[in-house]
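Q: I am attaching a structure below and will ask some questions about it afterwards.
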Amino acid sequence: MPDDIRPDDRYEHIDPSPDVSDEVKTTTCYMCACRRGIRVHLKGGAIRYIEGNRDHPVNKGVLCAKGSAGIMQHYSPARLSQPLRRVGPRGSGEFEAISWDEALQTAEDWLGSVRRTDPRKLAFFTGRDQSQSLTGFWASQFGTPNHAAHGGFCSVNMAAAGIYSIGGSFWEFGEPDWENTRYFMMFGVAEDHDSNPIKTGLGKLKTQGQAKFVSVNPVRTGYSAIADEWVGIRPGTDGLFVMALIHELLRNGKVDLEYLARYTNAHWLVRKAPGTAEDGLFVRDANGNPIAYDRNTDQLVDATQTDIAPAMRGSFPLHQATPGDGGAGGEAVPAFQLVLDRYLDGRYSPDAVAGETGIDADNIRRIAAELAHAAFEQEISLDVAWTDWAGNKHDKIVGRPVSMHAMRGISAHSNGFQTCRAIHLLQMLLGSIDCPGGFRYKPPFPRPAPPGPKPAGKPDQVSPGSPMVGPPLGFVTGPEDLLIDSAGQALRIDKAYSWDAPMAAHGMMHTVIRNAWAGDPYPIDVLFMFMANMSWNSSMNTSETIEMLTDTDPETGEYKIPKIIYADAFQSEMVAYADLILPDTTYLERWDCVSLLDRPICSADGPADAIRQPVVAPDRDVRPFQDVLIDLGARLGLPAFVSETGDPRYRGGYPDYLVHHERTPGVGPLAGWRGADGETHGVGQPNDDQLSRYIENGCFWSDEFAPDERYYKHANRAYLERAAKMGWIASPDPIVHQLYSEPLQKFKLAGQGFGAVVPPARYRDRIVEAFDPLPLWYQPFEDDHTDAQAYPIRALTQRPMAMYHSWGSQNAWLRQIHGWNPLYMNRKTAEDHGLVDGDRVLVESPYGSIRAQIALMEGCNADTVWTWNAIGKKRGAWNLSDDAPESTKGFLLNHLITDLLPPKDGYRFTNTDPITGQAAWFDLRVRVIKDDSRAADIDAEATTPRAPGVSKAPARSRYGAQFLPKSSWRRKRGGSPS
Amino acid sequence: MTSLPANPGTKKLGLVIDLDICVGCHACAVNCKEWNTGGHSAPLTDENPYGADPLGVWFNRVHTFEAGDGADGRTVHFPRSCLHCEQPACVTVCPTGASYKRETDGIVLVNAETCIGCKLCSWACPYGAREYDHADGVMKKCTLCIDRIENQNLPEEDRVPACVSTCPASARHFGDLGDPDSAVSRLVEERDGYDLMPEMDMAPVNKYLPPRAPARENPAMQAPALAPETPETEAEDGFLGWVDRMLSR
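Read top to bottom, the protein sequences are chains E and F. Per my numbering, residue 24 is the first one in the first sequence, and the count goes up by one each step. Per my numbering, residue 2 is the first one in the second sequence, and the count goes up by one each step.
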């Protein structure tokens, strides 16, 4: 044994204070939709380090795994590097490089011809981008109603149910009052929505130790892992569970009636006149105001008055002396009476729903008792005086500290809209919306439920060579707002706002390819998409979707979808199926904005918006998509994009637009530093210096509400006046929660044959059943078609936290965390199937079959299997090697999910929520069988060649070596720095 | 073989990791990778980054597993990195003195100039915390961000390891566990922080905070049951009487 080495003498030289970087630039992260403030350290022109911006109001310095992997995204070898024109057949991946002049001329020719003849023949759909206020405006200027982003297949059920119920929604548009809540229920929240704020909030909530956190989710991962209680519900039954909670609370009188009377339409009288066109509508006076029964005066009075004592139950005769009766007679009941009638029914008792939901009835009763206890025995009172909408002064802000958050697991079912409405109803009954300890709106919400405007696209709103009057997306309030022709047929290519999906507030991107292929309701000429992987993980029925993209007319040999333009920064699966590729930059190479007109990043305590600035210059022949869109707008002569002389209006591209575009006078994409002196926020004339001011401030603008503006925003005079001044709402009127939804009833009446606009016969039953003005639950549609014994297991997906909402798993670091996806299965269920951990299985639905490898877990509902979504990649895409686990072991559940339901009376409805058109991803039923065959076909699967300008990915990455001192031997070792 | 410091100081820098609130998001692991691949130990080589079996050097990895059966079990997210042990076998096994424990603050480091890549240390570490960089032929490991924690070029609040700075849930804490009055020591005291695998006699400096008892076991959060059965009385007069309270708007 040699002498011991005393290392004291051998301490290496360590520099404890190296220069981290030459320069730090702030910008906004775009590794997912969370969009946090970041500080990018640059050294020698390369990105040394990306960290959260400590000054940023949203992330306050923290940064998630995705944001921390931004370097690998930015330097990804899958980046496209030049415009491309397809030369081989679609899907072959054979392209030639072309110049931007040629690419833009081609696009201009294609689009110009469409616009001159029939603008509807352009379908312009974007993915998870955050520039929808620009893209929607562009579509409207082009004159096509065929525009939407990815919301229709993501979470429109949450957005629409929230907006139509409370004028705001979960998602990133609201947040629990983490400081004050005493009971937090999370429903169906996948691993990461919305990202850092939830992690930070949960950390705070659990560290304070004053609240209970209950997670309702079939799978116990991520957030559910740290819940005080995990409720492993059967997928698609959350609505029943919530209604059983409502049943229990009503039965015990644990409902905040004062809240209901003040802030909801619970006391508004609903006409009971079955078999008439008035049935179920609110009784209104001559001014259109709703009516209540005032117990002080025993009169029917204007329900919006404050000096009344409204009856909450009972039945009241109507006659000609009644305001608004119009001689119809009959009777009317407060909306709350209908709530009592429905949810006190024994079919919503905990015992009645236990079997369907898989939740023990005693547990349901206990959770109801806990909700009641937290709401009514642990009231929170803040010593802040405030004034309500009616001018009543309150010396304290009092709240019921129960908060809720819900997302994809609720949304991705065909009963998702009504289930989400049920959660909002539960919140209303507990009086816990925007109160201390409750769910809180983030500005610019709340907005009227629903807000304007209505979607444009009616026949008289679309004409060749002209903009549409109004935006392609909006909120309908009745059948007369639908975008249908006189025969009831859809006017949009995706059939949004038709009888297929009347309240499709985010459009239906997931139906576009099929409808365009089928020419139903009409053929289109150009499909133009941005950042949407529609030939792969963003489509249902992926295999058939690929066939539709490549299908040709047997007579002409032309593709059924004649022209496809696609913009993306990376060689995603979709690239191979497009004809013209417009290569985008990475998020660190562009100007961009996170706008209050789009998807903002506000907190409940104040508004905020942000910009991206280029922190590095592109090293490829790529252009920011928004610049390209503005350029095309000018080339096509879209009025808002050209000056009076026909020259480009925004010669400086997107940053020029960000500063100088005004949607309405004084309101532009950015709210901060407006006005001639740059000191106005919200509404003010454009300020040439605006972007500099943002950069000086760390690339964001934020403001804080005064303490008396922070709660009860729907009825808080100071807040409402501020919101009106900022342009968020048209007037400072209170925003009434729609416990009872009259727009839904209007559709139901149409389904019953009443009114001027009624659905064709095949829609009627479906409309009548689904469009209920009070939340209801029905079986996911898949259950109507699929034999539950043959396909006994529900299958769903989540995105892992390290990849949630992030585009592409080619990220060299993140793919080391999730490089392939097993099929997770409850251990006991697997044992019943004779399966053991690691078994290879066939997963089959009535629509397809895929191979997978199972991993067993305890924390999974026994009737459910699940996997990580979008890990599986098509061979050769994303510049991954042919043997990458993403394509050899990973799989895409989408292959099993149908986009159309089986025919009913000769018509195939889409596999979506009948109200919003939301893709019903999680309705899927499967069976899992042991697969003893070897998967030979994987090796035979065709690969996609690298596009021109995409170089072979390195076999080794030594990123960071370039930052070592020049003398370091490690700097000279082999391997690519990127 | 290599000796430990003859006169170790009282300072024991380390991490305290709160398993009650770690949601397994991997922010700590990736931010660590990002900082360190361009820092003192640069680079943290990734082999085959776009092919089969990508294999990179990571100083911090998050493991997910389940404890207990059925619905009563728990899903655990467990971040694992060097624990900067007081009795680190990885140091004493080193034949060249490359692996050493700093006298001043107890940080366990590897001197890349004298490491011969024999990997004895990785065999000796019971926690699997050492990472061999095939390209450089040397062992690498968590340095507690030695180039951050005293870095005068960083604002004071950023002088913590990258994993601590970035953690969205605030599940990671950094400090002197040799000082009983430090915030981290108090946290360990309050929350019954524990040593990982104490039976290995490594005396790890890093501590883990166990999950708190679920709120349902907290008597303050117990809710009295609601009425077990619907009263038999006529609903209108019975349990619905509350609806008829006189309300005002």
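Every residue, glycine too, gets a C-beta built ideally from N, C-alpha and C. Quick caveat: nothing in here was measured; it's all calculated off a predicted structure.
Can you tell which of E:I314, E:C616, E:R143 has its C-alpha closest to the C-alpha of E:A284?
A: E:A284 has its Cα closest to that of E:I314, out of E:I314, E:C616, E:R143.
Q: Using a Cβ distance threshold of 8 Å, determine whether the segment 85 to 93 of chain F contacts the segment 119 to 126 of chain F, with at least three qualifying pairs required.
A: Output reads yes: the segment 119 to 126 of chain F touches the segment 85 to 93 of chain F.
Q: If you measure beta-carbon to beta-carbon, which residues of the segment 79 to 95 of chain E are closer than 9 Å to chain F?
A: Cβ contacts with chain F: N82, G84, V85, L86, C87, A88, K89, G90, S91, A92, G93, I94, M95.
Q: Beta carbon of E:L819, beta carbon of E:F945: below 8 Å?
A: In contact: E:L819 and E:F945 (Cβ atoms closer than 8 Å).
Q: So which residues on chain E does F:P80 lean against when the C-beta distance must stay under 7 Å?
A: Here the premise fails: no neighbours, minimum Cβ distance about 12 Å.
Q: Run through DSSP, which three-state label would E:N180 get?
A: In this structure, E:N180 counts as helix in the three-state DSSP scheme.
Q: So is F:E235 buried or exposed if we call it buried at 16+ other beta carbons inside 10 Å?
A: Here the model assigns F:E235 a pLDDT of 46, short of 50, so the residue's position is not dependable, and the following value carries that caveat. Answer is exposed; the Cβ neighbour count stays below 16.
Q: Going by CA-CA distance only, name the one from F:T97, F:H85, F:A7, F:C33 that's closest to F:D177.
A: Out of F:T97, F:H85, F:A7, F:C33, F:H85 has the C-alpha closest to the C-alpha of F:D177.
Q: Using the beta-carbon of each residue, which ones in chain F are nearer than 8 Å to E:L225?
A: Here the neighbours are I22, V24, A170.
Q: Give a yes or no on whether the minimum CB-CB distance between F:R192 and chain E is below 8 Å.
A: No, F:R192 lies away from the interface with chain E (no Cβ there is under 8 Å from its Cβ).
Q: Taking the beta strand (DSSP E) that E:L865 belongs to, which residues open and close that run?
A: Segment 863 to 868, the beta strand (DSSP E) holding E:L865.
Q: At a CB-CB cut-off below 9 Å, which residues of chain E make contact with F:Q153?
A: In chain order: P39, S40.
Q: Mark E:G779 as exposed unless 16 or more other C-beta atoms lie within 10 angstroms of its C-beta, in which case mark it buried.
A: Reading the sequence as shown, one finds Ala at residue 779 of chain E and not Gly. Exposed, because fewer than 16 other Cβ atoms sit within 10 Å of the Cβ of E:A779.
Q: Hey, is F:I18's beta-carbon within less than 8 Å of any beta-carbon in chain E?
A: Chain E, which has no Cβ nearer than 8 Å to the Cβ of F:I18, makes this no.
Q: Taking its Cβ as the centre, do 16 or more other Cβ atoms sit within 10 Å of E:T687, making it buried, or is it exposed?
A: Exposed: under 16 other Cβ atoms inside 10 Å.
Q: Would you mind sorting E:T579 into buried or exposed? The rule is 16 or more other CB atoms within 10 Å of its CB.
A: Per the 10 Å Cβ criterion, exposed.
Q: Taking only the alpha-carbon atoms, compute the straight-line gap between E:G899 and E:P678 and give it to the nearest angstrom.
A: Each residue's Cα considered, the two are about 36 Å apart.
Q: For the segment 57 to 86 of chain F, list the beta strand (DSSP E) runs that are entirely contained and at least 3 residues long, ordered along the chain.
A: For the segment 57 to 86 of chain F, whole beta strand (DSSP E) runs of length 3 or above, ordered along the chain, are 62 to 68, 75 to 81.
Q: Going along chain E, which residues have a C-beta under 7 Å from F:E114?
A: Under the 7 Å cutoff, chain E gives E35.
Q: Express the C-alpha separation of E:A907 and F:P199 in angstroms, rounding to a whole number.
A: Going by the C-alpha atoms only, they are around 39 Å apart.
Q: Who are the near neighbours of E:F193 in its chain, counting only those whose CB is closer than 7 Å to its CB and skipping five residues on each side?
A: Within the same chain, E:F193 has close Cβ partners M181, G185, H428, A429, M430.
Q: In terms of alpha-carbon separation, which member of E:M880, E:W901, E:P869, E:S558 lies closest to E:L924?
A: That would be E:P869, whose Cα lies nearest to the Cα of E:L924.
Q: Among E:K586, E:P473, E:L449, which residue has its Cα nearest to the Cα of E:F462?
A: Closest option to E:F462, Cα to Cα, is E:L449.
Q: Measure the alpha-carbon distance for E:R863 versus F:D73 and round it to whole angstroms.
A: Cα-Cα distance, rounded: 28 Å.
Q: With a threshold of 16 other CB atoms inside 10 Å of the CB of E:Q708, please say whether the residue is buried or exposed.
A: E:Q708 is exposed by the Cβ-count criterion.
Q: Measure how close the beta-carbons of E:A479 and E:G493 come, nearest whole angstrom, since I'm counting them as under 8 Å.
A: With a Cβ gap of about 3 Å, E:A479 and E:G493 count as contacting.
Q: If we call anything under 8 Å between Cβ atoms a contact, is E:G150 one with E:M554?
A: Yes, they are a contact pair.
Q: Could you give the distance in angstroms between the alpha-carbon of E:Y98 and the alpha-carbon of E:I507?
A: E:Y98 and E:I507: Cα-Cα distance of roughly 47 Å.
Q: I'd like to know if F:Y133 contacts chain E, where contact means its C-beta is closer than 8 Å to some C-beta of that chain.
A: So no, F:Y133 is outside the interface.
Q: Check whether the Cβ atoms of E:A435 and E:R822 lie closer than 8 Å to each other.
A: Contact: no.
Q: Could you give the DSSP three-state label for E:N739: helix, strand or coil?
A: E:N739: strand per DSSP, three-state reduction.
Q: Can you confirm whether E:V43, when its beta carbon is compared against all beta carbons of chain F, has any partner nearer than 8 Å?
A: Yes, E:V43 lies at the interface with chain F (some Cβ there is under 8 Å from its Cβ).
Q: When DSSP builds the beta bridges, which residues end up paired with E:N849?
A: E:N849 pairs with E:M880.
Q: Do you know offhand how far E:F268's Cα is from F:H78's?
A: A quick correction: the sequence has Leu, not Phe, at residue 268 of chain E. When rounded, the distance between both Cα atoms is 31 Å.
Q: Quick check: is the beta carbon of F:D148 nearer than 8 Å to any beta carbon in chain E?
A: Taking Cβ atoms only, chain E reaches closer than 8 Å to F:D148, which makes this a yes.
Q: Can you grab the Cα-Cα spacing for the pair E:K599 / E:Y734, in whole Å?
A: Reading off the sequence, residue 599 of chain E comes out as Ala, not Lys. Taking the straight line joining both Cα atoms gives about 50 Å.
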